[in-house]
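Numbering (the working numbering), first residue to last: 194 to 600.
Just so it is clear, CB atoms sit at the ideal spot from N, CA and C, and this is done for glycine as well.
As the structure is a computational prediction, the values presented were derived from the model and not from experiment.
Remarks on the structure that follows.
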Ligand SMILES: *Cc1c(COP(=O)(O)O)cnc(C)c1O
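Written out as structure tokens, the structure reads:
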């Protein structure tokens, strides 16, 4: 009997592999940084979401150690039992103040991960009498949160505010939730948040903004996408993650205090899980000091400089770049096997850029996902550009020669 079960898994795995969808993990041996040791080899990495280069910042590492000395290793229980520490409370106050200028009566609530924050938000605010309007290329955690919420789900096309507006106008649901990434994680472009918010305000809908890739990077002092666009509304619900630009781990939701109280009372992914270690919250206080201070400004300025330099230099003949002024710079290649081959060719030159394939991106749009960080130096960037341009040129000439095969 068990042999048949195992054979079934084996067959499914083989079928994925045949479609170029097998995924494998690499084991890193050094801290997250541009220059890493991976499975014993030195690589130049363009794959982390550590946009400000804070993941191994000495002051944050020291704060993590101090937090462990103050509060121990584990929280011991969920937030509603006894796991909610002074460090969590301080972090929530700091986060509410940091993103608060773009919200009304703001309060913040922290989570162990962004994935859980999105499950919590959508499951607590949605329900059978809610309708959820989800942007077509939203992150998987929002898609899973929508499923968990048992709401009716309507997907609107990428960036299409008019289509959303038509769906909202036709809706008779008691609760309407519009949900979108701010910076799209595999494309690097920005959602038209001002127009989305205006549509939500016209139709009495909440606008949930997942700013996983904007918090710390966009806006004044790194306050995120709402600050970048200068938005403010009681209908805004903001989700930021703390494991990307903030360099540590976790996430938070900030919104009107009644939204947050609803999450505390009702969100099962908040209630039924052990609170993150208080030391993590304590380390994040230092991360926020850096993000919002002059060092954060300098890191954001360097990152912006690198993005502009990359944008100028990476001229492609065959592969396609997507319009992005963020640290996420995709190069769309197309077929899974070709994207994997490009990633492998870079790896052979000790450059680490992941190939992203379906279902993370649409079929036929497999790509290299290049992410830049303030921790990169100009020579790092230039090495990448030379390598990618050479591979693109080689693929362009092989495409030309195969289409010009003598007839
Ligand atoms: C990374 C990410 C998440 C999940 O955050 P984690 O803290 O890594 O769980 C959610 N939404 C988007 C858009 C992301 O990129």
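Asked                                                                                                                                                            : Found
Can you look up residue 465 in the DSSP assignment and give me helix, strand or coil?                                                                            : coil
Pick helix, strand or coil for residue 523, following the three-state DSSP scheme.                                                                               : strand
Just confirm the distance between the C-beta atoms of residue 283 and residue 401, as a whole number of angstroms; I'd bet it's less than 8 Å.                   : About 25 Å separates the two Cβ atoms, so there is no contact after all.
Going by Cα to Cα distance, which pick from 275, 246, 241 and 281 is closest to residue 260?                                                                     : 281
Starting from residue 303, trace the beta strand (DSSP E) both ways and give me its first and last residue.                                                      : 299-304
So what does residue 328 bridge to, in DSSP terms?                                                                                                               : 349
Quick one: what's got a C-beta closer than 7 Å to residue 227's C-beta in the same chain, skipping five residues either side?                                    : 237, 238, 566, 568, 569 and 573
Just the Cα atoms here: how many angstroms apart are residue 241 and residue 365?                                                                                : 42 Å
Apart from the five residues just before and just after residue 441, which ones in its own chain have a Cβ nearer than 7 Å to its Cβ?                            : 253, 435, 473, 476, 477 and 480
List the whole-angstrom C-beta distance separating residue 448 from residue 396, where the pair is believed to meet the contact cut-off of C-beta under 8 Å.     : Not a contact, Cβ separation roughly 18 Å.
List the whole-angstrom C-beta distance separating residue 550 from residue 213, where the pair is believed to meet the contact cut-off of C-beta under 8 Å.     : 7 Å
In chain order, what residues of the same chain lie with their CB nearer than 6 Å to the CB of residue 341, ignoring the 5 residues before and after it?         : 312 and 316
Using C-beta distances below 8 Å, list every residue in its chain close to residue 322, excluding the 5 sequence neighbours before and after it, in chain order. : 366, 367 and 368
Any heavy atom of ligand 1 closer than 7 Å to the beta-carbon of residue 434?                                                                                    : yes
Which whole runs of the alpha helix (DSSP H) in the region 393-477 are 4 residues long or more, in chain order?                                                  : 418-422, 450-459 and 461-464
Assuming residue 283 is part of the alpha helix (DSSP H), what are its boundary residues?                                                                        : 279-292
Could you check whether residue 520 and residue 558 sit closer than 8 Å to each other, using their CB atoms as the reference points?                             : no
What does DSSP give as the partner residue(s) for residue 228 in the beta ladder?                                                                                : 237
Closest to residue 251 by C-alpha separation, out of 538, 268, 359 and 224, would be which residue?                                                              : 224
Check whether the Cβ atoms of residue 418 and residue 386 sit closer than 8 Å, and answer yes or no.                                                             : yes
Which residues does DSSP list as the beta-bridge partners of residue 370?                                                                                        : 325 and 399
Quick check on residue 602: does DSSP put it in helix, strand or coil?                                                                                           : Nothing can be reported for residue 602, as the shown portion of the chain is limited to 194 through 600.
Buried or exposed: which applies to residue 277, given that a residue is buried once 16 or more other Cβ atoms fall within 10 Å of its Cβ?                       : buried
Less than 7 Å separating the Cβ of residue 271 from some heavy atom of ligand 1?                                                                                 : no
Is the beta carbon of residue 244 less than 8 Å from the beta carbon of residue 409?                                                                             : yes
Using only CA atoms, which one of 274, 407 and 433 lies nearest to residue 422?                                                                                  : 407
Quick one: Cα of residue 345 to Cα of residue 210, how far?                                                                                                      : 34 Å
Specify the secondary structure class of residue 493 as computed by DSSP and reduced to three states.                                                            : helix
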